[in-house]
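Chemist: First, the structure itself, so that you have it in front of you.
Protein chains: 2
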Amino acid sequence: MMTKETADLNLNALFIGDKAENGDLYKRLLTKLVDEHIGWRQNYMPQDKNMISHEEQDSPAFENTVNHMESVLDELSQRIRTESVPWHSAGRYWGHMNSETLMPAMLAYNYAMMWNGNNVAYESSPATSQMEEEVGHDFAGMMGYRNGWGHIVADGSLANLEGLWYARNIKSLPLAIKEVMPELVAGMSEWELLNMSTEQIMKALVKSGNRLDEIKERSARSGQNLQKLGKWLVPQTKHYSWMKAADIIGIGLDQVVPVPLDNDFRMDINSLESIITDLASKEIPILGVVGVAGSTEEGAVDQIDKIVALRNKLANAGIYFYIHVDAAYGGYFRTIFLDENNEFVPYDQLPELHQKYGVFTENKQYIKRDVYEAYKAFDQVESITIDPHKMGYVPYSAGGIVIKNIQMRDVISYFATYVFEKGADIPALLGAYILEGSKAGATAASVWTAHHVLPLNASGYGKLQGASVEGSHRYYDFLKDLHFKIGERTIEVHPLVNPDFNMVDYVLKEKGNDSLADMNKLNHAFYEEASYVKDTLYSKEYIVSHTDFAIPDYGNSPLEFVKSLGVSEADWNQQGKITVIRAAVLTPYMNKEDNFYYFVPKIKLAMKKDLENIFEGVRAKQLS
Amino acid sequence: MMTKETADLNLNALFIGDKAENGDLYKRLLTKLVDEHIGWRQNYMPQDKNMISHEEQDSPAFENTVNHMESVLDELSQRIRTESVPWHSAGRYWGHMNSETLMPAMLAYNYAMMWNGNNVAYESSPATSQMEEEVGHDFAGMMGYRNGWGHIVADGSLANLEGLWYARNIKSLPLAIKEVMPELVAGMSEWELLNMSTEQIMKALVKSGNRLDEIKERSARSGQNLQKLGKWLVPQTKHYSWMKAADIIGIGLDQVVPVPLDNDFRMDINSLESIITDLASKEIPILGVVGVAGSTEEGAVDQIDKIVALRNKLANAGIYFYIHVDAAYGGYFRTIFLDENNEFVPYDQLPELHQKYGVFTENKQYIKRDVYEAYKAFDQVESITIDPHKMGYVPYSAGGIVIKNIQMRDVISYFATYVFEKGADIPALLGAYILEGSKAGATAASVWTAHHVLPLNASGYGKLQGASVEGSHRYYDFLKDLHFKIGERTIEVHPLVNPDFNMVDYVLKEKGNDSLADMNKLNHAFYEEASYVKDTLYSKEYIVSHTDFAIPDYGNSPLEFVKSLGVSEADWNQQGKITVIRAAVLTPYMNKEDNFYYFVPKIKLAMKKDLENIFEGVRAKQLS
Ligand SMILES: [Mg+2]
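Protein sequence lines, in the order shown, are assigned to chains A and B. Residue 1 is where the first sequence starts when you use the UniProt record's numbering, and the numbers rise one by one after that. Residue 1 is where the second sequence starts when you use the UniProt record's numbering, and the numbers rise one by one after that.
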């Protein structure tokens, strides 16, 4: 058994493999686990007779039913093989936040599913409930929370909704305290009540003693005061999950305030400050601010440290806001900064740590200082969304949330009682502490197993993040100098920004044609060639995703880039959007120089074919 | 291949089996599917070289990593086998809503997981998105909706929350229409606006043309008018998922009104009527009414037909309310009423239909007329929660929701645009039409496969429901006459009510001791003996679940039963609750007489041992 210290983890041993190189290994381990389950069934009360007799198994009805089941499975198999996305491919898939998932996570899911535990209640899943509790502690440790608590959520949208639920109910508590126990907040104005810090509120709750339930009853959960709680500030791109969340939680879209982005597609901190101080000057409270790490369209990492610093600064002016970090995508990236003791290392010691564990194959500094500072400050925010099914390389559906202070969970809970079972501090009914109800114990088993195979620091998950990040930099460098000759035309490739994390966006442009409309048409046509839209996925030699940066969502943050392409500001204003090809580079194989350059000519050839199809199509139309 | 008409489905061919009788079959089918996946990986771009070399696979780091992974999987396996619940057991497990799950559903999940599609977007999961759309149509067909739409949800709590989201946003639309296009609701008072029927509101929306988005913006999603929408009526038991839902959705707990239960633990329709007319007399609108089929603690089926009839009657008085049916538990039971053409059959033709497909092994009428009428009326309500991971025998997490009118989804959606891909009317971004975001394509594959193996009528799923229902009646009949001699004492067993569906509750009582406190103590002690609380689960010969009926949640609906036990009303009022042993009988094996009576002496013996442990413990204490 490897220890954290001696671990020389070989990432390639943890995946089935692009070409199923470890297919036999997967089958061997799967068979062993299935046999262990079968043995367990056979030996639970071995004195009981079989319910299904051999005679019945030989009967025509039984055989017909098996044949029928096999026919349905054949259809399933045929449909899935025809229309699934080959994101396991090492060098062919450059699109969404997907790649291979971890073999141990898949095996654990398959295994635990045979028992089908339900983590809604400890009683329905003693083994996997305990694992979910441990995963929650893992999340807290990963974020630097000393007294945190976390759990698995079906997905990041729900985790974000739960974060907003926390923010809303916590923000409303001082008004409820004033109603139930005014002595605890004597002399405070409504404005002051609505600007109490989360820490102050938690302290007041402790003082409320046995009147906690009464106070909770008068909190936002009663339905009162929702419109008093103030504004919810999100990045201007307003990912629709935040619009949905504000809708569902009842504060409403009218309370959502977009904060402009800077030219790196991060939240603009100056704009954030002026929005907040402007609202405060009108005595409009700030319910909270959402920072993102990284964004779904650019992988941009908001400067969480600066949001925290702003909050500290404004505290002097009597202004407080909740901070939720949406790190659904980039949450696991924090492991790259953690040493064997799960301590966040000083910036100048990163290269040494990374060299020790072979996090990067080359001695390059891929990690920007400001991204480092952003991650360092995670331990200062109230709650964080983190999705194991993204950079945790665990199969869907495995999202997660973690809160800074375990006491916070009492604010949204529906039972005050705990059951302390077998030494673990696990809620008897987890469903009363979270947004969801029934949930697969298999998911907890899956995440737990992944976390135990890969330590949550630079020696394990950090190394896997590193492979992905290094691959994205190789891809970025490759695209930077790329161009194609298609007949008389030259098609240039222009990457957007040097990635904060592992996402690379780029646009294709015909040299000499500065029309944004033409450029958007070209990029959309390219996306169609290099996606499921045309032909079958199984025949695609290169697959991408795409997105649009439109003014309502982005303001002028893309303008600097747009201008660098030769497009005029007037044209930008007229078109109102730029279509971008988007690649989240999650593959664990493209960090190695050999592998990457093996695929370079193949990618070039595939891109060239796609462009030829596009321009031949145009030419054909022009001729007809 | 079997057709719907000729199907003589052998249910025992569809499960791994209590004693893994079909373990070899499971392994054969699983291996075939894994091989098909491996072949798919190998043959996607076969010209590409392997990323993982044989040399690397032989390296010490690779081998160490595999060893490490195997050690973690060993620990996983050990923990899961030690502390999981044996609900596959045919005759030993009589507790929660669990049993074996369908082999084809497990296989499909395992298979699809290897591609790890994400049904949030069609692009990320063409095959399984199509399957989820088909499953949605299945749900609609099962409920009798001609123009319905449905989708998979992580669990029933979330589906209920989504139902409330629908109700809240729809109810608010007339006020929004009045703001944006007053001409569409000219002359209507606010009271009239808040009592428009869902059908009228949908018609008005059609007339709004291109101003639909403006109207939606002024609906409850804006955050305005939430407190005007009125009361949300739920059964008095107030399952905590409804309290959470009212909290999260922002209408608040103050708007939740409990409706008393009758002595059969169903919503009392007279009380419902008087609550509604009383509220209406104060001009307080009714946001909606939740009917349950069946309840989580008793399996009771609310009389949906009578709720619908009440709504029709009150329409004459200008009162309208949304109806959501929480059939998370009992939704699939509706298939028992559907013939080969998925038509709801007349009551007097049920025996013939059931005989044709061998739904029951005995010629008994297990289905109550009023339960039949309740299910028949499902097609009259706006939305229904249905959980494949309960009576669909599909592994967690697979819940679902279905709406009567596909147009309703526009009310909560975040995009108005559809992409019509390859002939299917599937949203390009499902995440914009539902509460959740990322979701496992594997779940859709799993439910789809189950639905194709078992037709959604009496020939398939209905037969499986029948096995469960018949088993529950055998169990109820067995308990009715059961008593034990423990030393000098006689311990009687008293079942609660003849089951509406497949749940059997009962209490143990020492003959001659009418103290409710003693009875509760006995039943709680019995639960501890027959559950994970004492010793290891793997050694338990009989496993149950339990619940408390407490006055705040149940009022006096248990009183009739309590009195029948000899307990005085004064004692009931003093204790305030009765502890009940609870068995959801999902096992597909206990319908057969032979099987059931094989286990009867084993169950009796195990119960007797548990009782002896309890009373020996008491005696020991008395002696000490
Ligand atoms: Mg995706």
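Yeah, the Cβ is synthetic: ideal placement off N, Cα and C, and Gly gets one too.
(1) List the residues that DSSP assigns as beta-bridge partners of B:D505.
(2) Between the beta-carbon of A:F360 and the beta-carbon of A:Y475, is there less than 9 Å?
(3) Can you check whether the C-beta of A:G136 is within less than 9 Å of a C-beta belonging to chain B?
(4) If we count Cβ pairs, one from each stretch, closer than 8 Å, do we get three or more for the region 298-308 of chain A versus the region 254-268 of chain A?
(5) If we define contact as Cβ-Cβ less than 9 Å, is A:A167 a contact residue for chain B?
(6) If you draw a straight line from the C-alpha of B:L310 to the C-alpha of A:V120, how long is it?
(7) Mind listing, in chain order, the continuous alpha helix (DSSP H) runs of no fewer than 4 residues lying wholly within the region 385-462 of chain B?
(8) Only counting the same chain, and skipping five residues up and downstream in sequence, which positions put a Cβ closer than 7 Å to that of A:F478?
(9) Run through DSSP, which three-state label would B:H494 get?
(10) Over the uninterrupted beta strand (DSSP E) stretch that includes A:W242, give me the two end residues.
(11) Does the CB of B:K609 have a neighbour CB from chain A at under 9 Å?
(12) How far does the beta strand (DSSP E) with B:W149 in it extend, from its first residue to its last?
(13) Quick check on A:G288: does DSSP put it in helix, strand or coil?
(14) Return the Cβ separation of A:L287 and A:G223 in integer angstroms, given the expectation that the two are a contact with Cβ distance under 8 Å.
(15) Could you tell me the alpha carbon to alpha carbon distance between B:Y433 and B:F526, rounded to whole angstroms?
(16) What did DSSP end up calling A:D370 once you bin it into helix, strand or coil?
(17) Could you tell me the distance, in whole angstroms, from the CA atom of A:S129 to the CA atom of B:E343?
(18) Excluding the five sequence neighbours on either side, which residues of its own chain have a C-beta within less than 7 Å of the C-beta of B:R218, listed in chain order?
(19) Give the residues of chain B in contact with A:D8, contact being defined as C-beta atoms less than 9 Å apart.
(20) Please list the terminal residues of the continuous alpha helix (DSSP H) segment that includes B:A550.
(21) What would DSSP say about B:A328, mapped onto helix, strand or coil?
(22) Using a Cβ-Cβ distance cut-off of 9 Å, determine whether A:E298 contacts chain B.
(23) Just tell me which of B:M202, B:G91 and B:L14 has its CA closest to the CA of B:D594.
(24) Who are the neighbours of A:H324 on chain B, taking C-beta pairs under 8 Å?
(25) Under the three-state reduction of DSSP, which class applies to A:F344: helix, strand or coil?
(26) Check each candidate in B:Y347, B:D387, B:T385 and B:L253 and name the one with the smallest Cα separation from B:K368.
(27) Just the chain B side, please: which residues come within less than 9 Å of A:R409 by C-beta, in chain order?
(28) Between A:W87 and chain B, is the shortest Cβ-Cβ distance under 9 Å, so that the two count as touching?
(29) If we ignore side chains and look at the alpha-carbon of each, how far apart do A:T101 and A:L11 end up?
(30) Given a threshold of 16 other Cβ atoms within 10 Å of its Cβ, counted over all protein chains shown, does B:A315 qualify as buried or as exposed?
(31) State the CB to CB distance for the pair A:A167 and A:V185, rounded to an integer number of angstroms; the pair is presumed to be in contact (CB under 8 Å).
(32) Does any residue of chain B bring its CB to less than 9 Å from the CB of A:H494?
(33) If you measure between the beta carbons of B:L516 and B:Q575, is that distance less than 9 Å?
(34) Indicate whether at least one CB of chain B lies closer than 9 Å to the CB of A:K511.
(35) Roughly how many whole angstroms lie between the Cα atoms of A:T579 and B:A428?
(36) Could you round the C-beta distance between B:G471 and B:V585 to whole angstroms and report it? I think they count as a contact, below 8 Å.
Modeler: Considering the structure as presented:
(1) B:R582
(2) no
(3) False, the Cβ-Cβ gap to chain B never drops below 9 Å.
(4) yes
(5) no
(6) 35 Å
(7) Taking only runs of at least 4 residues, the alpha helix (DSSP H) segments lying wholly in the region 385-462 of chain B are 409-412 and 441-453.
(8) V600
(9) strand
(10) Not the beta strand (DSSP E): A:W242 falls in the alpha helix (DSSP H), residues Y240 to I249.
(11) no
(12) W149 to V153
(13) strand
(14) Rounded, the Cβ-Cβ distance is 16 Å, inconsistent with contact.
(15) 47 Å
(16) helix
(17) 42 Å
(18) A176, E179 and V180
(19) P60, A61, N64 and T65
(20) Here B:A550 belongs to no alpha helix (DSSP H); instead the beta strand (DSSP E) covers I543 to A550.
(21) Annotated three-state conformation of B:A328 is coil, per DSSP.
(22) Closer than 9 Å: no.
(23) B:G91
(24) None at all; the shortest Cβ gap to chain B is about 16 Å.
(25) strand
(26) B:Y347
(27) Ordered by position in chain B, no residue passes the 9 Å Cβ test against A:R409, which lies about 13 Å from the chain.
(28) So, interface residue.
(29) 11 Å
(30) exposed
(31) With a Cβ gap of about 19 Å, A:A167 and A:V185 do not count as contacting.
(32) No, A:H494 lies away from the interface with chain B (no Cβ there is under 9 Å from its Cβ).
(33) yes
(34) Chain B, which has no Cβ nearer than 9 Å to the Cβ of A:K511, makes this no.
(35) 18 Å
(36) Their Cβ separation, rounded to whole angstroms, is 5 Å, which keeps B:G471 and B:V585 in contact under 8 Å.
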